[in-house]
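Line by line, the protein sequences give chains A and B.
Counting in numbering that gives the first Met the number 0, the first sequence runs without a single skipped number right up to 271 at its last residue.
Counting in numbering that gives the first Met the number 0, the second sequence runs without a single skipped number right up to 346 at its last residue.
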Amino acid sequence: MRNRLRRSMVVTVVMVAVLSLAGIPAAGQARAYRAPHTADGKPNLNGIWQAINEANWDIEGHAAAPGLVTALGAAAAVPPGPGIVEGGPIPYQPAAAAKKKENFEKRLTLDPEIKCYLPGVPRANYMPSPFQIIQTPKYIMMVYTFARAVRTIYMDDQKEAPADSWMGWSNGRWEGETLVVDTTGFNDQSWFDRAGNFHSDALHVVERYTATSPDHLLYEATIEDPNVFTRPWKISMPIYRRLEKNAQIMEFRCVEFVEELIYGHLRKPPSK
Amino acid sequence: MTHRFLASTVVVGIFVAIVWLPRVPVAAQAPTAKKPTGPAKTAKPWTTPRTPDGQPDLQGFWTNTTYTPLERLKNVTKEFFTEEEALENAKRAADVEGEQTEPGTIPDVHYDFTQFGLDRSQGAMALNLRTSLIVDPPDGRIPPMTAEGQKRVADRAAARKAMGGQFDAAQNEPLSVRCIIMDRAGPPMLAGAYNNNYQIVQAPGYVMILVEMIHDVRIIPLDGRPHLPQNVRQWTGDYLGHWEGETLVVESTNFNGKNPFQGSSENMRLTERFTRVAEDRIRYQFTVDDPTTWARPWSAEVPMEKTIGPLFEHACHEGNYGLANTLAGARAEEKRAVQEAATKVSK
Chain A
0 MRNRLRRSMV VTVVMVAVLS LAGIPAAGQA RAYRAPHTAD GKPNLNGIWQ AINEANWDIE
60 GHAAAPGLVT ALGAAAAVPP GPGIVEGGPI PYQPAAAAKK KENFEKRLTL DPEIKCYLPG
120 VPRANYMPSP FQIIQTPKYI MMVYTFARAV RTIYMDDQKE APADSWMGWS NGRWEGETLV
180 VDTTGFNDQS WFDRAGNFHS DALHVVERYT ATSPDHLLYE ATIEDPNVFT RPWKISMPIY
240 RRLEKNAQIM EFRCVEFVEE LIYGHLRKPP SK
Chain B
0 MTHRFLASTV VVGIFVAIVW LPRVPVAAQA PTAKKPTGPA KTAKPWTTPR TPDGQPDLQG
60 FWTNTTYTPL ERLKNVTKEF FTEEEALENA KRAADVEGEQ TEPGTIPDVH YDFTQFGLDR
120 SQGAMALNLR TSLIVDPPDG RIPPMTAEGQ KRVADRAAAR KAMGGQFDAA QNEPLSVRCI
180 IMDRAGPPML AGAYNNNYQI VQAPGYVMIL VEMIHDVRII PLDGRPHLPQ NVRQWTGDYL
240 GHWEGETLVV ESTNFNGKNP FQGSSENMRL TERFTRVAED RIRYQFTVDD PTTWARPWSA
300 EVPMEKTIGP LFEHACHEGN YGLANTLAGA RAEEKRAVQE AATKVSK
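This is how it looks when you write it as structure tokens:
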């Protein structure tokens, strides 16, 4: 396996060298990368991956801002980010824009992340912890650190979502070098970020995963929800391979961390 | 959320109905297990297929549902039942399960096991001739606990008691009620009351085991890496795998001790072995080694029978209205008791 990988990397390097000699611009080089293929001839996306950006705070561009927990000071401040939304602000319908604003104002109590709820899609992909892709011809599993969320991408035996769920029901296909994942069957409970960007249960996400180097994926997602947005819109970002030898999806069983928050008001009062 | 749960159980229900129409008597269902797991019989040797990267292929959907107890019952003296006895036991157990929800009772409102296909007799299940899952010691029972182990169990019970009643706080409830981890999900993996379904997926360097309940998942690395540092403890431990011939061996340490297995300590070393012995069967064996708890290691063997997928998301915590309602109910009852006492006094 390693030999094959090395050989294909050499091929890639040669290829990139040839391309750059031909004077093709840098952006073109990135897209020309072709990932090593699996035994069934598909781009090999196996690995432990993580987005490195500030989208989980707000997928739109945003300046630094203070956090909501005074005691945490700078540690809980919002890091500034240029955003991952393409082509201007998220096209909310007027009522939905008002709800987004309300979500933002009440985010300390409403953000499902705070309650250790499953993060939904696309949010799971840019939370600040790694996820692992386990790729087989029939199923591609995406296993996330946060709340141990799991997605099964059905590459064959595809069907419609049998019921709504947090992580949705994902059917996948290969378009050339790109894994395309079509996800529906969401409930209306997850958010896109800590800023209150949201969706309804009509959410439809089409994601594209394309390897752009041995250690990078280009992630693009088209987001459609006729109950909330005026038109489909798109996000994109690179996702980076975690290169540590001991990289792994460790346990983040956050339910026990939120029990006092969620159920503390139902605790039996101390007897006098 | 409730209606969503219902929707998915309806899906399951319909599905079960399709599979089991006409509903055949339980005794006839049990033989869906084609080959009972019992004393080795001379059968055609099974060659495990290989994944593209050369691993023995364990992939698919599996269930370890069973009526066989972990420990041999006191009145049973043999290692194996006859097939006839095993079927009779399964039928009796299925009858008991089928009776547990009388219309209008609280269990009926909570779950009707038979209606929604949650009872064990309605799904795939290996017919196990063993009289206990424990195969070593030969008496089929957990070895006696060391004095240290007994003290730990007593200490834990005392600490738990000091926390107050079960309904005083969420933290006092069992782990599975809190949706942190199913009490028999382990590892080692044993069947609980229902939905004992697993999906195994293999990619180069990894075996992934997804447990349906609470979408618990282990991604087992096969690269021979060392264990996590001693101080890093996890609920399901730190699990490392390697192949010994046809068998996947998974060695786990670094447990946090918060989900003790049969009274084990955080020092437990667990060895699990997965061997595909037939197209539709994995032999799952585990050995528990914890000298601070038991004087000797002990081992069990559980057949995993092929079942059908897919596994649907089990968002346990997200839909855990039961926990909040139970606590709220307890508070309401306390309040009522106080009011009633006050009324009595004023009379």
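Glycine included, every Cβ here is placed at the ideal spot set by N, Cα and C.
### Query
Mapping DSSP to helix, strand and coil, what is ALA210/A?
Stepping through the first sequence from its first residue, residue 210/A is reached at position 211. ALA210/A: strand per DSSP, three-state reduction.
### Query
What residues in its chain sit with their C-beta under 8 Å from that of ALA157/B, if we drop five residues either side in the sequence?
Stepping through the second sequence from its first residue, residue 157/B is reached at position 158. Same-chain partners within the cutoff: there are none.
### Query
For a contact meaning CB atoms closer than 8 Å, what does THR235/B contact in chain A?
Numbered from its first residue, the second sequence carries residue 235/B at position 236. Ordered by position in chain A, the residues that pass the 8 Å Cβ test against THR235/B are GLU250.
### Message
Between MET0/A and chain B, is the shortest Cβ-Cβ distance under 9 Å, so that the two count as touching?
### Response
In the first sequence, counting from the first residue as 1, residue 0/A sits at position 1. At MET0/A the pLDDT is 41, less than 50, meaning the model places this residue with poor confidence and gives no usable figure here.
### Query
So, THR81/B versus LEU128/B, is the Cβ gap smaller than 9 Å?
On the second sequence, position 82 is the one that residue 81/B refers to. On the second sequence, position 129 is the one that residue 128/B refers to. Going by beta carbons, THR81/B and LEU128/B fall inside the 9 Å limit.
### Query
Can you find at least 3 beta carbon pairs, one from the segment 204-220 of chain A and one from the segment 169-177 of chain A, that sit closer than 8 Å?
The segment 204-220 of chain A, when compared against the segment 169-177 of chain A, does touch it at the 8 Å Cβ threshold.
### Query
Applying the criterion that 16 or more other CB atoms from any shown protein chain within 10 Å of the CB defines a buried residue, is GLU243/B buried or exposed?
Along the second sequence, one-based indexing puts residue 243/B at 244. Burial call: exposed.
### Task
Count the other C-beta atoms from every protein chain shown that fall within 10 angstroms of the C-beta of LEU71/A, then say buried if there are 16 or more, exposed otherwise.
Position 72 of the first sequence, counting from 1, holds the residue named residue 71/A. LEU71/A comes out exposed.
### Query
Considering VAL337/B, what are the terminal residues of the alpha helix (DSSP H) in which it resides?
Reading the second sequence from its first residue, position 338 is the one you call residue 337/B. Segment 320-345, the alpha helix (DSSP H) holding VAL337/B.
### Query
Count the other CB atoms within 10 Å of the CB of THR252/B; is the residue buried (16 or more) or exposed (fewer)?
Reading the second sequence from its first residue, position 253 is the one you call residue 252/B. Answer is buried; the Cβ neighbour count reaches 16.
### Message
Which residue wins for smallest C-alpha separation from THR286/B, given the options GLU271/B, TYR205/B, ALA169/B, PHE166/B?
### Response
Numbered from 1 along the second sequence, position 287 holds the residue referred to as residue 286/B. Cα-wise, what sits closest to THR286/B is GLU271/B.
### Query
Buried or exposed: which applies to ALA220/A, given that a residue is buried once 16 or more other Cβ atoms fall within 10 Å of its Cβ?
The residue you call residue 220/A lines up with position 221 of the first sequence. By the 10 Å Cβ count, ALA220/A comes out buried.
### Task
Sort out for me which residues DSSP pairs ASN196/B with in a bridge.
Position 197 of the second sequence, counted from the start, is the residue given in the question as residue 196/B. In the DSSP assignment, the residues bridged to ASN196/B are THR62/B.
### Query
So, is the C-beta of TYR197/B closer than 9 Å to a C-beta in chain A?
Along the second sequence, one-based indexing puts residue 197/B at 198. Interface annotation, TYR197/B: not in contact with chain A, CB-CB separation never under 9 Å.
### Task
Return the residue from the list GLY82/A, GLN92/A, GLY66/A, PRO118/A that minimises the CA-CA distance to GLU104/A.
Numbered from its first residue, the first sequence carries residue 104/A at position 105. GLU104/A has its Cα closest to that of GLY66/A, out of GLY82/A, GLN92/A, GLY66/A, PRO118/A.
### Query
Taking a cut of 7 Å between CB atoms, which residues from the segment 134-151 of chain A lie near chain B?
Those would be GLN134, THR135, TYR138, MET140, VAL142, ARG147, VAL149, THR151, in chain order.
### Task
Anything in the segment 306-317 of chain B with a Cβ closer than 9 Å to a Cβ of chain A? List those residues in chain order, please.
Cβ contacts with chain A come from GLY308, PRO309, LEU310, PHE311, GLU312, ALA314, CYS315, HIS316, GLU317.
#### Entry: Cα-Cα separation, PHE197/A to ARG240/A
Translated into positions along the first sequence, residue 197/A becomes position 198. Translated into positions along the first sequence, residue 240/A becomes position 241. Distance between the alpha carbons of PHE197/A and ARG240/A: 28 Å.
### Task
Out of PRO79/A, TRP165/A, ILE83/A, point me to the one whose CA is closest to ILE213/B's CA.
Taking the first residue of the second sequence as 1, we reach residue 213/B at position 214. Nearest of PRO79/A, TRP165/A, ILE83/A to ILE213/B, Cα basis: TRP165/A.
### Message
Taking 7 Å as the limit between beta carbons, can you name the residues of its chain near ASP200/A, skipping five residues before and five after?
### Response
Position 201 of the first sequence holds residue 200/A. Result list for ASP200/A: ASP163, PHE185, ASN186, ASP187, in chain order.
### Task
Assign LEU265/A to one of two classes, buried (16 or more other C-beta atoms within 10 Å of its C-beta) or exposed (fewer than that).
Counting from one through the first sequence, the residue named residue 265/A turns up at place 266. Residue burial annotation: LEU265/A is buried, with at least 16 other C-beta atoms found within 10 angstroms of its C-beta.
### Query
Quick one: does TYR262/A have its CB under 9 Å from some CB of chain B?
Counted from its first residue, the first sequence places residue 262/A at position 263. TYR262/A counts as touching chain B.
### Message
Mapping the DSSP letters down to three states, classify GLY308/B as helix, strand or coil.
### Response
Residue numbering aside, residue 308/B sits at position 309 when the second sequence is read from its first letter. The answer is coil: DSSP assigns GLY308/B none of H, G, I, E or B.
### Message
Any beta carbon of chain D sitting closer than 9 Å to that of PHE166/B?
### Response
Reference to chain D is not applicable here, since the protein chains of this structure are A and B.
#### Entry: TRP45/B, buried or exposed, once every other Cβ within 10 Å from all chains shown has been counted against 16
Working through the second sequence from its first residue, we reach residue 45/B at position 46. Counting Cβ neighbours within 10 Å, TRP45/B comes out exposed, since fewer than 16 surround it.
### Query
Can a CB atom of chain A be found closer than 9 Å to the CB of ASP94/B?
Your numbering for residue 94/B matches position 95 in the second sequence. For ASP94/B, the answer is no, since every Cβ of chain A falls outside 9 Å of its Cβ.
### Query
Taking buried to mean at least 16 other C-beta atoms within 10 Å of its own C-beta, is LEU20/A buried or exposed?
What you label residue 20/A is simply residue 21 of the first sequence in a count that begins at 1. For LEU20/A, the predicted structure reports a pLDDT of 43, less than 50, and the residue's modelled location is therefore unreliable. A value from the coordinates is still provided. Exposed, by the Cβ-count rule.
### Query
With burial defined as no fewer than 16 other Cβ atoms inside 10 Å of the residue's Cβ, what is the status of GLN165/B: buried or exposed?
Here residue 165/B corresponds to residue number 166 of the second sequence, with the count starting at 1. Exposed, since its Cβ has fewer than 16 Cβ neighbours within 10 Å.
### 9 Å Cβ cutoff, TYR205/B in contact with chain A
Here residue 205/B refers to the residue found at position 206 of the second sequence. Answer yes: the Cβ-Cβ gap between TYR205/B and chain A drops below 9 Å somewhere.
### Message
Just verifying my parser: in three-state terms, what is the DSSP assignment at VAL179/A?
### Response
For the purposes of this step, residue 179/A is identified with residue 180 of the first sequence, where counting begins at 1. Of the three classes helix, strand and coil, the one that applies to VAL179/A here is strand, per DSSP.
### Query
Mind checking VAL344/B: buried by the 16 CB within 10 Å criterion, or exposed?
Taking the first residue of the second sequence as position 1, residue 344/B is located at position 345. When all chains shown are included, VAL344/B counts as exposed.
#### Entry: LYS346/B classed as buried or exposed, judged by whether at least 16 other C-beta atoms fall within 10 angstroms
Mapped onto the second sequence, residue 346/B falls at position 347. Its Cβ having fewer than 16 others within 10 Å, LYS346/B is exposed.
### Task
Examine chain B for any beta-carbon lying closer than 9 Å to the beta-carbon of VAL12/A, and answer yes or no.
Walking along the first sequence from the start, residue 12/A turns up at place 13. Here the model assigns VAL12/A a pLDDT of 47, short of 50, so the residue's position is not dependable, and the following value carries that caveat. Taking 9 Å as the CB threshold, VAL12/A stays off the interface with chain B.
### Message
For a contact defined as C-beta to C-beta under 8 Å, what are the partners of GLN247/A on chain B?
### Response
For the purposes of this step, residue 247/A is taken as residue 248 along the first sequence, with counting starting at 1. Under the 8 Å cutoff, chain B gives ILE218, PRO220.
### Task
Select from the segment 190-223 of chain A all residues with a C-beta closer than 7 Å to any C-beta belonging to chain B, and list them in chain order.
Cβ contacts with chain B come from no residue of the segment 190-223 of chain A.
#### Entry: Within 7 Å of chain B by C-beta, residues of the segment 100-115 of chain A in sequence order
Going along the segment 100-115 of chain A in chain order, one finds CYS115 with a Cβ nearer than 7 Å to chain B.
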